[in-house]
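Protein chains in written order, with the working numbering: chain A, 13 to 440; chain B, 4 to 132.
Below is one structure, written out as structure tokens, with a few remarks after it.
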Ligand SMILES: [Zn+2]
């Protein structure tokens, strides 16, 4: 085995769907890339009748040169499906999951993997001829925003999501311009021509929107050995809800630490987010003690790393923009503790085990307990009973007759008026 | 620049990027990031020296290394990452091992069957319960 090429990533997903047709669905992403490639995601769903199933959406491959991300997610899907089918547990180094854990994950959650967001970029990075420097390519391969010039092609898809995308308006002029994003097509962090201008980012948006019960979104990158959680634009604060990405009054003031602005995260929500990041981190470290750390994306050592338009921040906006949609935590894993985008395959195999242990750990954490499952069924049962009662009641007392505009109400009103007139006369 | 890891990957190019560590304090690191002209990786990595300085990971060309050294920065060069990448291209096939989906990949995680117990390599669980 070696690194999966772009064709093999797609074939692997199709192969898993063919091998496990009753446990998986192949989801074709709607937007072809600039070079016309079509991508797929794979949904693992063991028990379609369970309605309270939370979804976990795992994506990777957005940055072309970060080799190995897609391999991690393809491997994760293969492991869960093989173990479930064999009624087996899973072991990643010293980290183990029981057969019951695996059954719980497959039967009671939706696990969605989209391993290769940016196949054009990956094909370019992996297709370098002898002597070229293509492997270091990071962005997609959009030729248009750079005016067709090869040296200025490509958009950083992880600056293209709709989260404070317009960094020139949304952030303070003092915020670090070298990390936020760039309006220069030649830059490695060029953010495109508008939020979601890129088909790769729109595919992720489509996928996440398809799962209203998504609770966790994880974007797998390399390298550094970090598990990052929101927010990425400014320091977190839980005291002033008006200091929010949604409030244009704070435009031009974001991205600097120690000033008036901090991005709002409710006090009850922050521990939930950090706990999920810790679950990812601990799962990874349990394999062979690699020392991954979890931290807020905004911070970099004793300084800051403000960003706009990243996937994990965008995913996290869902619950703020529409609280009825439910909570969705956004995370980013930077796998590999070494300064290298191109590990040897032997090193990569170890890292696949590390990261998959973290992801399975999060799946297990998200799996509803039996109490929740019973409550869900009971709730569904009560809903059904209430529905039936309502149908029966409406048949007995049709609203068109008994409702406020029905003839019965009109008769009652008329009678009331006659009685009223009668009583007024008597009273007068 | 020399590199220990690269073998037959062709001659070094002027735009080859070296994995380097640059020593700086928080203000210097912030200023270097602000320039926006250096490849800082993904979410950058810094190892703390616990003396107010840290080693910032960067990917620099020979010319950038020279110019930053001329500014007084201490820089340690780890490897020529561009050259290493060219070597690694040998680890990427151009075929399709799954034949368009006729075969499925096998996961690398170990499948632990009940009769082997939860601990990998342990004796049979049932007999000992
Ligand atoms: Zn990345």
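From the three backbone atoms N, C-alpha and C, an ideal C-beta is built for every residue, glycine too.
Taking the straight line between their C-alpha atoms, what separation do you get for residue 139(A) and residue 146(A)? Those two C-alpha atoms are separated by around 8 Å.
Would residue 68(B) pass as an interface residue toward chain A - the criterion being a Cβ-Cβ separation below 8 Å? Not one chain A Cβ lies under 8 Å of residue 68(B).
When DSSP labels each residue in this structure, what does residue 344(A) get in the three-state scheme? In this structure, residue 344(A) counts as strand in the three-state DSSP scheme.
Nearer than 7 Å: is that true of the beta carbon of residue 132(A) relative to any heavy atom of ligand 1? No, Cβ of residue 132(A) sits at least 7 Å from all heavy atoms of ligand 1.
Taking 7 Å as the limit, name every residue whose beta carbon sits nearer than that to some heavy atom of ligand 1, in sequence order. Residues flagged by the Cβ proximity filter: 74(A), 75(A), 78(A), 170(A), 233(A), 234(A) and 45(B).
Nearest-angstrom beta carbon gap, residue 203(A) and residue 346(A) [assumed within contact, 8 Å]: Taking C-beta atoms under 8 Å as the contact rule, residue 346(A) and residue 203(A) fail to qualify, at a distance of about 20 Å.
Evaluate the contact criterion for the stretch 235 to 250 of chain A versus the stretch 266 to 276 of chain A: three or more CB pairs, one atom per stretch, below 8 Å. Taking 8 Å as the limit for Cβ pairs, the verdict is that the stretch 266 to 276 of chain A does touch the stretch 235 to 250 of chain A.
For residue 70(B), count neighbouring C-beta atoms within 10 Å of its own C-beta (all shown protein chains included) and say buried if the count is 16 or more, exposed if not. It counts as exposed.
What is the rounded straight-line gap between the Cα of residue 309(A) and the Cα of residue 392(A)? The straight-line gap from Cα to Cα measures roughly 39 Å.
Assuming residue 69(A) contacts residue 208(A) under a Cβ cut-off of 8 Å, what Cβ separation, rounded to an integer in Å, is found between them? The distance from the Cβ of residue 69(A) to that of residue 208(A) is about 17 Å, inconsistent with a contact at the 8 Å cut-off.
Can you give, in chain order, each stretch of the beta strand (DSSP E) that sits fully within the stretch 299 to 334 of chain A and has at least 3 residues? Taking only runs of at least 3 residues, the beta strand (DSSP E) segments lying wholly in the stretch 299 to 334 of chain A are 305 to 308.
So, does the CB of residue 86(A) fall closer than 8 Å to a CB anywhere in chain B? Output row for residue 86(A): interface = yes.
If we ignore side chains and look at the alpha-carbon of each, how far apart do residue 85(A) and residue 72(A) end up? For residue 85(A) and residue 72(A), the gap between their C-alpha atoms comes out near 7 Å.
Under the assumption that residue 268(A) contacts residue 161(A) (Cβ atoms under 8 Å), give the Cβ distance between them as a whole number of angstroms. That pair is no contact at about 34 Å.
Determine which residues of the stretch 100 to 112 of chain B have a Cβ less than 8 Å from any Cβ of chain A, and write them out in chain order. Listed by position, the residues of the stretch 100 to 112 of chain B near chain A (Cβ gap below 8 Å) are 100, 101, 102, 103, 104, 105, 106, 107, 108, 109, 110, 111 and 112.
DSSP three-state assignment for residue 351(A), whether helix, strand or coil: Reduced to three states, the DSSP call for residue 351(A) is coil.
Could you tell me which residues DSSP pairs with residue 26(B) in its beta bridges? Under DSSP, residue 26(B) forms a beta bridge with 58(B).
Looking at C-beta atoms only, is the number of pairs between the stretch 103 to 116 of chain A and the stretch 46 to 53 of chain A that lie closer than 8 Å three or more? With the cut-off at 8 Å, the stretch 103 to 116 of chain A and the stretch 46 to 53 of chain A do not touch.
Verify whether the separation of the beta carbon atoms of residue 50(B) and residue 57(B) is less than 8 Å. With contacts defined by Cβ atoms closer than 8 Å, residue 50(B) and residue 57(B) form a contacting pair.
Kindly identify the DSSP beta-bridge partner or partners of residue 82(B). Its beta-bridge partners are 22(B).
Determine the DSSP secondary structure at residue 266(A), reduced to helix, strand or coil. Residue state, collapsed to three classes: strand.
Buried or exposed by the 16-neighbour rule on C-beta atoms within 10 Å, applied to residue 63(A): Flag for residue 63(A) reads exposed.
If you compare alpha carbons, which of 111(B), 106(B), 30(B) and 83(B) is closest to residue 353(A)? Nearest C-alpha to residue 353(A) among 111(B), 106(B), 30(B) and 83(B): 83(B).
Comparing C-alpha positions only, which one of 152(A), 329(A) and 169(A) sits nearest to residue 175(A)? Selected option, being the one with the closest Cα: 329(A).
Apart from the five residues on each side of it in sequence, which residues of its chain come closer than 8 Å, Cβ to Cβ, to residue 45(A)? Counting only Cβ-Cβ distances below 8 Å, and skipping sequence neighbours, we find 51, 130, 131, 132, 152, 153, 211 and 212.
If the criterion is Cβ atoms closer than 8 Å, does the pair residue 122(A) and residue 34(A) meet it? Cβ distance not < 8 Å, so residue 122(A) and residue 34(A) don't count as in contact.
Measure the beta-carbon distance from residue 318(A) to residue 188(A) and round it to whole angstroms, keeping in mind my assumption that it falls under 8 Å. Yes, they are in contact, since the Cβ atoms of residue 318(A) and residue 188(A) sit about 6 Å apart, within 8 Å.
CB contact check: residue 20(A) to chain B, cutoff 8 Å: For residue 20(A), the answer is yes, since a Cβ of chain B falls inside 8 Å of its Cβ.
State the Cα-Cα distance for the pair residue 178(A) and residue 92(B), rounded to the nearest angstrom. Near 37 Å, if we compare the C-alpha coordinates of residue 92(B) and residue 178(A).
Are there three or more Cβ pairs, one per stretch, closer than 8 Å when the stretch 278 to 294 of chain A is compared with the stretch 86 to 104 of chain A? As far as the Cβ criterion goes, the stretch 278 to 294 of chain A does not touch the stretch 86 to 104 of chain A, which means the pair count is below three.
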